[in-house]
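Visitor: Protein chains in written order, with this note's numbering: chain A, 13 to 93; chain B, 13 to 93; chain C, 13 to 93; chain D, 13 to 93; chain E, 13 to 93; chain F, 13 to 93; chain G, 13 to 93.
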Amino acid sequence: MVNGIERPLDVLNNAKGKEVLVQLKNNRQMVGTLLAFDIHINIVLDNAKEIVENDSKRSVGLTFLRGDTIIFISPASMANK
Amino acid sequence: MVNGIERPLDVLNNAKGKEVLVQLKNNRQMVGTLLAFDIHINIVLDNAKEIVENDSKRSVGLTFLRGDTIIFISPASMANK
Amino acid sequence: MVNGIERPLDVLNNAKGKEVLVQLKNNRQMVGTLLAFDIHINIVLDNAKEIVENDSKRSVGLTFLRGDTIIFISPASMANK
Amino acid sequence: MVNGIERPLDVLNNAKGKEVLVQLKNNRQMVGTLLAFDIHINIVLDNAKEIVENDSKRSVGLTFLRGDTIIFISPASMANK
Amino acid sequence: MVNGIERPLDVLNNAKGKEVLVQLKNNRQMVGTLLAFDIHINIVLDNAKEIVENDSKRSVGLTFLRGDTIIFISPASMANK
Amino acid sequence: MVNGIERPLDVLNNAKGKEVLVQLKNNRQMVGTLLAFDIHINIVLDNAKEIVENDSKRSVGLTFLRGDTIIFISPASMANK
Amino acid sequence: MVNGIERPLDVLNNAKGKEVLVQLKNNRQMVGTLLAFDIHINIVLDNAKEIVENDSKRSVGLTFLRGDTIIFISPASMANK
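Below, the structure written as structure tokens:
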């Protein structure tokens, strides 16, 4: 159970400094540490790794992600692929 | 029959804390417990499971979903696949 | 002939409580009873059934539909497929 | 020659009560009598018929069409297919 | 050389009453006489002809075109295909 | 090195009257002389030539381009294909 | 670890004058020196090189990129492909 989630952005606020899984449109995913976000859901990940079609990985380090390409952001540590 | 639905967001308000089926664009679906939503239809699901093309499942736990990728949200408990 | 349609939303207002056919992008359709709508054309259907490519049906019960996936909404009872 | 067209919406205003051809994205077309429109180019057609890929027809009667799926609206009676 | 073009819409203003080529998304083109436009680049063409993939032609007469399907509008008389 | 670029639109302002390469969505490109632009990145090119998939060319002369189909605009004279 | 990132745009501000990797929609990438950006994430790159599908390269020099085609911007020097 999760407490203290009143608005959707509360989840992102709680996830600051933690690892998140970001699902992008076009079957791209990124994992990394959430550093910042804004109301457009633009986000910044540190130590980001890009995963395309579950296969290839590419380290892109510190990364600015535009919100409109994001499907979901999952900060749950129990996420398994 | 459903009572007390004046505006579309009333359905989401009534579904808080309950399991919902979320149909996303590109044949993705998610099921999970609706924790929060805003006027952009950004939503938060707890214990979310992703279903792609009716086959694969992936548990993503607590998840923030951007509204613009959502086709429909169905809180009906009688939904059968 | 139809009377009293001054603005497009008048059609939706008149269709409240009646069955409608909703054509979505990507060849999805839904039929159900229109309960509510807003200016974004977000709508709520009760007893909704989803039809994909004229074949499969899935009952999804009470459903919130985001407006930007909707092509047309037809409340006409004489609609034949 | 056409007189009295100062702004694009004048064409739609003049076409009220007349048959129009509506070209939608994804190769769909509709023909029907234009009853109403708004600044988002949401429109209402009466006695609407849907034509997909120039072949199949489906009568959908009174229909609300969302503006963002519309490519063009042609009220010209001399339109030939 | 072209004089008096301070803002992009000046080109459309100068083209009123003249033939224009309109390139739409999805490989559609239209030619016709530009009668009107607004800031959304919604336009009205008279005597419009639709050209799909450089082949088929369809006369659609007077036509209202929604701006968001337009790639470019070329009023130049020296346009050759 | 480039001096005096404080904001992105400064690049377009400096490029007025010069040849630019415009990359559009869907593998279209245009080259031409930049005459005007606005904050929506609607632009006007003079002596525009359209290049599709690096092959075919079509002279379209004076052309109004809607901003939302533009990926990038490159005024650099050293651009090589 | 990264310090001083309060808002997403702080990352872009820190990257001014440095090389960045820009992932665009449709499998295009650009590398270049970030000169400027605005709140729409329109950016200017100097000495930009375009990479399509990891293969072809095209030098486009000074380039204005529209924000809505950008997926992510990575200023990290340790990015490896």
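Here a beta-carbon is modelled for each residue, glycine too, at the ideal position from N, C-alpha and C.
Of all the CB atoms in chain D, is at least one closer than 8 angstroms to the CB of E31(C)?
Guide: Judged by the 8 angstroms Cβ criterion, E31(C) is not in contact with chain D.
Visitor: Looking only at C-alpha atoms, which of M42(C), Q41(C), L46(C), Q35(C) sits nearest to E18(B)?
Guide: The shortest C-alpha separation from E18(B) is found at L46(C).
Visitor: Is there a Cβ from chain D that is less than 8 angstroms from the Cβ of A27(E)?
Guide: A27(E) does not count as touching chain D.
Visitor: In the DSSP output, what is V32(B) paired with across the bridge?
Guide: According to DSSP, V32(B) bridges with G44(B).
Visitor: List the DSSP bridge partners of V64(E).
Guide: R40(E), S68(E), per the DSSP bridge assignment.
Visitor: Restricting to Cα atoms, I'd like to know which of V43(G), L36(G), I51(G) is closest to N25(G).
Guide: Minimum Cα distance to N25(G) is reached at I51(G).
Visitor: Counting only beta-carbon atoms, is V64(G) nearer than 8 angstroms to chain A?
Guide: No, no contact with chain A.
Visitor: Going by the DSSP bridge assignment, what does D55(B) pair with across the sheet?
Guide: Note on identity: in this sequence residue 55(B) is Ile, with Asp being the wrong assignment. F49(B), L77(B).
Visitor: Could you work out which residue in L77(B), P87(B), I85(B), I83(B) is closest to D22(A) when comparing CA atoms only?
Guide: Here the closest residue by C-alpha is L77(B).
Visitor: Straight-line CA distance for S86(A) to P87(G)?
Guide: Cα-Cα distance, rounded: 24 angstroms.
Visitor: Would you mind working out which of V43(F), F84(F), V64(F), G29(F) sits nearest G73(F), comparing C-alpha positions?
Guide: Comparing Cα positions, the closest option is V43(F).
Visitor: Going by the DSSP bridge assignment, what does I82(D) pair with across the sheet?
Guide: The partner list for I82(D) (beta bridge, DSSP) reads L36(D).
Visitor: Do you know offhand how far R70(A)'s Cα is from Q35(A)'s?
Guide: Each residue's Cα considered, the two are about 15 angstroms apart.
Visitor: Checking contacts by CB at 8 angstroms: is R19(E) closer than that to chain F?
Guide: By this cut-off, R19(E) is an interface position.
Visitor: Using a Cβ cut-off of 8 angstroms (strictly closer), state whether D67(E) contacts chain D.
Guide: So no, D67(E) is outside the interface.
Visitor: Below 8 angstroms CB to CB, which residues in the same chain sit around N54(F) once its five sequence neighbours on both sides are set aside?
Guide: Counting only Cβ-Cβ distances below 8 angstroms, and skipping sequence neighbours, we find F76, L77, R78, G79.
Visitor: Applying a beta-carbon distance threshold of less than 7 angstroms, which residues of chain C neighbour I53(B)?
Guide: Going along chain C in sequence order, the residues near I53(B) (Cβ under 7 angstroms) are R78.
Visitor: Compare the C-beta of D22(F) with all C-beta atoms of chain G and state if any pair is closer than 8 angstroms.
Guide: Closer than 8 angstroms: yes.
Visitor: Which residues of chain D have a Cβ atom closer than 8 angstroms to the Cβ of S86(C), listed in chain order?
Guide: Near S86(C) (Cβ distances below 8 angstroms), the residues of chain D are A60, V72, G73, L74, T75, F76.
Visitor: Say whether chain J places a C-beta atom closer than 8 angstroms to the C-beta of V43(D).
Guide: Included in the structure are the protein chains A, B, C, D, E, F and G, with no chain J among them.
Visitor: Please report the residue range of the alpha helix (DSSP H) in which P87(B) lies.
Guide: That residue, P87(B), is in no alpha helix (DSSP H); it is neither H nor E in DSSP.
Visitor: Quick one: is D58(C) buried, meaning 16 or more other Cβ sit within 10 Å of its Cβ, or exposed?
Guide: Counting Cβ neighbours within 10 Å, D58(C) comes out buried, since at least 16 surround it.
Visitor: Would you tell me roughly how many angstroms separate the C-alpha atoms of R40(C) and N39(E), rounded to the nearest one?
Guide: Spanning the two alpha carbons is a distance of roughly 24 angstroms.
Visitor: Which value, in whole angstroms, describes the spacing of the CA atoms of S68(E) and I82(D)?
Guide: Distance between the alpha carbons of S68(E) and I82(D) is about 21 angstroms.
Visitor: Are the beta-carbon atoms of A12(E) and P20(D) separated by less than 8 angstroms?
Guide: Outside the displayed range of chain E (13 to 93) lies residue 12(E), so it cannot be described from this structure.
Visitor: Check I17(F) in the structure and name its three-state DSSP category.
Guide: Coil at I17(F), not helix or strand.
Visitor: Spell out whether any CB of chain G is found under 8 angstroms from the CB atom of L46(A).
Guide: It does not; no Cβ of chain G falls within 8 angstroms.
Visitor: Sorted by chain position, which residues of the same chain lie with C-beta nearer than 8 angstroms to K61(D)'s C-beta, five sequence neighbours on each side aside?
Guide: These residues qualify, in order along the chain: M42, V43, G44, K69, R70, S71, V72.
Visitor: Rounded to whole angstroms, what's the CA-CA distance from E31(E) to I63(E)? Just pull it up for me.
Guide: In a straight line, the C-alpha of E31(E) is about 15 angstroms away from that of I63(E).
Visitor: Apart from the five residues just before and just after V56(F), which ones in its own chain have a Cβ nearer than 6 angstroms to its Cβ?
Guide: Excluding residues within five positions, the ones whose Cβ falls inside 6 angstroms are L47, A48, F76.
Visitor: Which value, in whole angstroms, describes the spacing of the CA atoms of L33(B) and G16(F)?
Guide: Their Cα atoms are separated by approximately 53 angstroms.
Visitor: Grab me the residues of F84(F)'s own chain with a C-beta within less than 7 angstroms of its C-beta, minus the 5 sequence neighbours each way, in chain order.
Guide: Cβ neighbours of F84(F) beyond the five flanking positions: Q35.
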